[in-house]
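In our numbering, the protein residues as written are 370 to 688.
Notes follow the structure.
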Ligand code: SF4
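Below you can see the structure in the form of structure tokens.
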């Protein structure tokens, strides 16, 4: 029987899902993802996590709690840097400790550090550290790492073409509209692709015949180029993606409005969104709205804000 590795469906799950799956499967382990977020998972996360954490971290705790009795190991890597010369949000670095100290009776946690700040090749060391738990054959680990990198490349290119992660994973398929207005949604993947915490945003837009452009549909070079107007190199990957995508969306005349999703308690977004708003007010006159999500967000108040934003988009279209 293969070893079961729990992979909580939160934080960067949707960014690295094919990589993780290919790597573990090639090594003969079984990846066990938690299900899509639901009320039970959100409630567990809110109960066990410290109060002042951001919403995605709370949700992540709920996913770990859901999985903990169903797997042999839990994979919670310590992500320090995923792009050379950039850091990721510090919450990713502290995640293994936060989980260990908040949740009782966990299985063994694989908390290898991923730190590519100085060099990308550090990833290989980290993968060997994980792979050694399943095999003593370094050739097999190398082969699994190559397969994982290939799968990630295919996945990123597929998202770039407009496919959504749910469709790629054969889990959900949201029809993409071809006619209505086009709106840009700038946010982090763990808010965008978690349809429980974002109140089914993509489904709602699609049902209304609205097209959307998402950060994963933009080339990384475009994001870099847009951030170059800031004068200073961005060294936080999370805010670079957010700011670069939002500036592209503001600059692109085909985009009729920009919606930003943020979560209560996110320090990085509070600075990034302020910067985006200032830059936007100076140069562009497009409908722009920020919706803050937390564990108390309900469908009624979310819909009211979304409708208000869409009214602005339709009004602009008629002008
Ligand atoms: S960027 Fe914000 S929302 Fe994301 S993990 Fe960090 S604090 Fe939380």
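Positions of the beta carbon are idealized from the N, C-alpha and C atoms, including for glycine.
It should be emphasised that the depicted structure is a prediction, and the values quoted were computed from it without experimental measurement.
Restricting to Cα atoms, I'd like to know which of 657, 396, 613 is closest to residue 509. 396
If we ignore side chains and look at the alpha-carbon of each, how far apart do residue 503 and residue 477 end up? 14 Å
Practice item. Note down the Cα distance separating residue 442 from residue 375, rounded to an integer number of angstroms. Key: 6 Å
Q) From which residue to which residue does the beta strand (DSSP E) around residue 631 run? A) 626-632
query: Of all the options 394, 401, 574, which has the alpha carbon lying nearest to the alpha carbon of residue 378?
result: 401
Margin query: Checking the sheet assignment: what are the DSSP bridge partners for residue 477?
Written below: 442
Here's the rule: buried if 16 or more other CB atoms are within 10 angstroms of the residue's CB, otherwise exposed. What is residue 655? buried
Exercise. Look at the alpha carbon of residue 683 and the alpha carbon of residue 550, and state the distance between them as a whole number of angstroms.
Key: 8 Å
Original post:
Is residue 657 helix, strand or coil when you go by DSSP?
Top reply: strand
Using the three-state DSSP reduction, which class does residue 555 fall into: helix, strand or coil?
strand
Next item on the list: Please name the residue in 585, 575, 545 whose C-alpha comes closest to that of residue 385.
Entry: 585
| request: Could you please give me the residues that DSSP links to residue 400 through a beta bridge? | output: 374
Helix, strand or coil: how does DSSP classify residue 449 here?
-> strand
Beta-carbon proximity list for residue 651, same chain, < 7 Å, skipping 5 on both sides: none
>> At the level of alpha carbons, what is the spacing between residue 612 and residue 571?
In response: 21 Å
Just checking residue 460 against the ligand SF4 - is the residue's beta carbon closer than 7 Å to any of the ligand's heavy atoms?
yes
Check whether the Cβ of residue 425 sits closer than 7 Å to any heavy atom of the ligand SF4, and report yes or no. yes
Check: Can you give, in chain order, each stretch of the beta strand (DSSP E) that sits fully within the region 536-618 and has at least 3 residues?
Finding: 551-555, 580-582
Original post:
Exposed or buried, residue 567, counting other C-beta atoms within 10 Å across all chains shown (16 or more means buried)?
Top reply: buried
Exercise for the section: Starting from the Cα of residue 676, find the closest Cα among 618, 574, 512 and give me that residue. Expected result: 574
task: Apply the 10 Å Cβ neighbour rule to residue 665 and answer buried if 16 or more other Cβ atoms are within range, or exposed otherwise.
output: exposed
* Does the distance from the CB of residue 608 to the CB of residue 641 come in under 8 Å? -> yes
_residue 483 - containing beta strand (DSSP E), residue span_ = 482-484
Exercise for the section: Look up residue 720 in the DSSP assignment and say whether it is helix, strand or coil. Expected result: Given that the chain is displayed from residue 370 to residue 688, the structure contains no residue 720 and the question cannot be resolved.
- prompt: Apart from the five residues just before and just after residue 407, which ones in its own chain have a Cβ nearer than 8 Å to its Cβ?
  reply: 565
| Between residue 388 and residue 520, which are expected to be in contact by the criterion C-beta below 8 Å, what is the C-beta distance as a whole number of angstroms? | 6 Å
Thinking C-alpha only, which one of 515, 602, 542 is nearest residue 390?
515
- Message: In whole angstroms, give me the CA-to-CA distance for residue 631 and residue 662.
- Response: 6 Å
Please name the residue, chosen from 447, 399, 471, 464, that lies closest to residue 484 on a Cα-to-Cα basis. 447
| task | Assign residue 662 to one of three DSSP states: helix, strand, or coil. | result | strand
Exercise. With distances taken Cα to Cα, identify the nearest neighbour of residue 452 among 615, 398, 604.
Key: 604
Just to check my reading of the structure: residue 449 and residue 486 have Cβ atoms closer than 8 Å, yes? What is that Cβ distance to the nearest angstrom? 7 Å
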